[in-house]
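Heads up: take any position in the sequence shown, counting from 1, add 154, and you land on my numbering.
Backbone N, C-alpha and C define an ideal beta-carbon position, used for all residues, glycine too.
Note that the structure is a prediction, hence the values are computed from the model and not measured.
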Amino acid sequence: MRYVIGIDLGGTAVNYTVVDEKQNILVKGLCEHPARSVEGPTICINQIADGAVPALAQAGVSMDDVVAVGLDTPGPASAKGVLSAKGSTNFVHEDWASFDIRGALESRLGKPVVYLNDANAAALWGHFALFGTNSGKTSISIIVGTGNGGGVIVNDKVIEGKNGFGGELGHVLVPYSEIPEIAGLKPVCNCGRIGDLESLCSLTSIRMNVLPYLLKQHPEHELAKMDIAKAAYAARGLAAKGDPLCRTIFKVQAHALGLFFDEMINTFDPDALIIGGGVLEATEEFRQWFIQQIRAGMPLQRAEQADIPIHVIPNGDCAGALGAAIGALQLLA
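What follows is the structure, given as structure tokens:
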């Protein structure tokens with residue numbers, strides 16, 4: 155039996171999974187190890203290698219039987235796993251600039267390493283969980299967190315693009331003037347764009363754009379008494395409890411997603427739309443309401459596309475590692 159390791163590298167922790175060639179997942183739940191990524195690549199690469207040992211032990215697998223490794227990290231990075239000249243967004247050490255993290259881990263482990271950015275890895279897992287391998291299906295994924303991650307999967311393959319920036323869906327512009335709850339707002343993204351998806355549908359967008367706009371209309375609201383960053387973080391919990399102002403925040407997010415997904419439907423004609431991230435870490439009632447609001451925000455679709463399913467990425471905390479493992483399995487095909 156052949157095995158692959160899936161590795162999800164974050165700013166503070168590395169998460170692992172082990173999958174066999176029959177696609178059985180051998181590590182259940184989170185299997186984490188300290189990343190120490192802020193201390194630079196030399197220390198971090200050793201941490202990644204060291205953390206694989208207990209993960210393999212949990213799976214009952216020897217490193218000798220591992221034939222490939224999948225690695226995902228935050229970007230920006232090339233399709234070959236070379237971080238940008240400015241380093242990774244989450245890794246502040248200067249030595250990460252232009253660092254070939256895929257090649258370094260491959261040398262350290264002595265195994266072929268496949269690289270994905272973290273959003274593409276989560277998208278690949280969401281696609282695989284729905285359709286399995288060799289399905290010939292197409293899906294569009296958005297991960298809503300502090301910012302936006304995204305992934306385009308066509309014929310079961312991640313669309314990476316020339317430079318590895320394929321699937322940067324958070325910076326696609328949406329016609330936000332069609333959302334009546336934010337009439338007159340000019341939502342600005344950290345990237346400088348006005349009206350991209352991330353400027354309307356992310357934790358950062360709540361803090362920078364949507365919540366300040368709504369609090370001007372409702373200065374008596376309890377969130378107006380809080381630091382804006384803390385208030386933005388608290389909004390989802392209040393929305394899940396039915397708070398009207400906070401429901402409006404997430405209605406805006408959902409309608410922005412609906413407008414965005416309409417663009418993706420017309421571009422890719424996908425088999426499924428998939429969402430994940432912190433916005434969905436709430437009650438089941440809130441998740442279903444949010445999905446209903448996405449549909450409510452979509453323009454009218456063609457009859458053939460009107461029933462396109464909207465799914466939630468399963469195993470949210472482990473989605474990156476699982477997607478990285480699927481990427482490694484594809485290397486064996």
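Could you give the C-beta distance for residue i and residue j, rounded to a whole number, given that I count them as a contact under 8 Å?
{"i": "Leu278", "j": "Leu270", "result": "7 Å"}
{"i": "Gly304", "j": "Leu327", "result": "With a Cβ gap of about 14 Å, Gly304 and Leu327 do not count as contacting."}
{"i": "Ala436", "j": "Ala394", "result": "4 Å"}
{"i": "Ser295", "j": "Ala276", "result": "7 Å"}
{"i": "Arg441", "j": "Val466", "result": "7 Å"}
{"i": "Gln177", "j": "Ala189", "result": "Their Cβ separation, rounded to whole angstroms, is 27 Å, which puts Gln177 and Ala189 out of contact at 8 Å."}
{"i": "Gly235", "j": "Asp254", "result": "6 Å"}
{"i": "Leu184", "j": "Val223", "result": "In fact, because the Cβ distance is near 18 Å, the residues do not count as touching under 8 Å."}
{"i": "Pro424", "j": "Ser293", "result": "5 Å"}
{"i": "Glu193", "j": "His247", "result": "6 Å"}
{"i": "His325", "j": "Glu352", "result": "6 Å"}
{"i": "Asp218", "j": "Ala475", "result": "Actually they do not touch by this definition, with Cβ atoms about 21 Å apart."}
{"i": "Pro341", "j": "Leu357", "result": "Contact flag wrong, Cβ pair sits at about 14 Å."}
Can you find the residues in the same chain that come closer than 7 Å, C-beta to C-beta, to residue i, ignoring five residues on each side of it along the sequence?
{"i": "Val215", "result": "Tyr157, Val172 and Leu180"}
{"i": "Gln212", "result": "Val181 and Cys185"}
{"i": "Lys491", "result": "The first residue shown for the chain is 155 and the last is 487, placing residue 491 beyond what the model contains."}
{"i": "Gly205", "result": "Val168, Tyr170 and His187"}
{"i": "Pro329", "result": "Leu413"}
{"i": "Leu399", "result": "Leu368, His372 and His375"}
From what residue to what residue does the alpha helix (DSSP H) around residue i run?
{"i": "Pro366", "result": "Leu365 to Gln371"}
{"i": "Gly281", "result": "One point to set straight first is that residue 281 is His, not Gly, in the sequence displayed. Counting along the chain, the alpha helix (DSSP H) containing His281 begins and ends at Asp272 to Phe285."}
{"i": "Ile464", "result": "Element bounds for Ile464: not the alpha helix (DSSP H) but the beta strand (DSSP E), Ile464 to Val466."}
{"i": "Ser261", "result": "Ile255 to Leu263"}
{"i": "Ile480", "result": "Ala473 to Leu486"}
{"i": "Ile445", "result": "Glu438 to Gly451"}
Please list the terminal residues of the continuous beta strand (DSSP E) segment that includes residue i.
{"i": "Ala167", "result": "Ala167 to Asp174"}
{"i": "Asp162", "result": "Tyr157 to Leu163"}
{"i": "Ser191", "result": "Here Ser191 belongs to no beta strand (DSSP E), and DSSP marks it neither H nor E."}
{"i": "Ile307", "result": "Asn302 to Val308"}
{"i": "Ser293", "result": "Thr292 to Val298"}
On the criterion of 16 or more Cβ atoms from any shown chain inside 10 Å, does residue i qualify as buried, or is it exposed?
{"i": "Cys345", "result": "exposed"}
{"i": "Gln407", "result": "buried"}
{"i": "Arg401", "result": "buried"}
{"i": "Gly301", "result": "buried"}
{"i": "Ala337", "result": "exposed"}
{"i": "Asp133", "result": "This structure gives no information on residue 133, because the portion of the chain shown stretches from 155 to 487."}
{"i": "Gln371", "result": "exposed"}
{"i": "Asn420", "result": "exposed"}
{"i": "Ile348", "result": "exposed"}
{"i": "Leu486", "result": "exposed"}
{"i": "Gln459", "result": "exposed"}
{"i": "Pro195", "result": "buried"}
For residue i, which residues of its own chain have a beta-carbon under 6 Å away from its beta-carbon, when the five flanking residues on both sides are left out?
{"i": "Gly431", "result": "Ile297, Val298 and Gly299"}
{"i": "Ala233", "result": "Glu314 and Gly318"}
{"i": "Ile382", "result": "Arg361"}
{"i": "Val433", "result": "Val298"}
{"i": "Gly290", "result": "Asn309"}
{"i": "Asp174", "result": "Met155 and Tyr157"}
{"i": "Ala479", "result": "Val158, Gly160, Thr171, Val173 and Gly224"}
{"i": "Val267", "result": "Val223, Leu225, Arg256, Leu259 and Glu260"}
{"i": "Phe245", "result": "Ser191"}
Cβ of residue i less than 7 Å from any chain D Cβ?
{"i": "Gly318", "result": "This model lacks chain D altogether; it includes just one protein chain."}
Might you give, ordered along the chain, the residues of its own chain that have their beta carbon closer than 8 Å to the beta carbon of residue i, omitting 5 neighbours on each side?
{"i": "Gly165", "result": "Ala189, Ser191, Val192, Pro228, Asn244 and Phe245"}
Could you pull out every unbroken alpha helix (DSSP H) segment of at least 4 residues lying fully inside the segment 195 to 237, listed in chain order? 195 to 213
As an exercise, report each continuous alpha helix (DSSP H) stretch of at least 4 residues that is fully enclosed by the segment 352 to 428, in chain order. 365 to 371, 382 to 394 and 398 to 422
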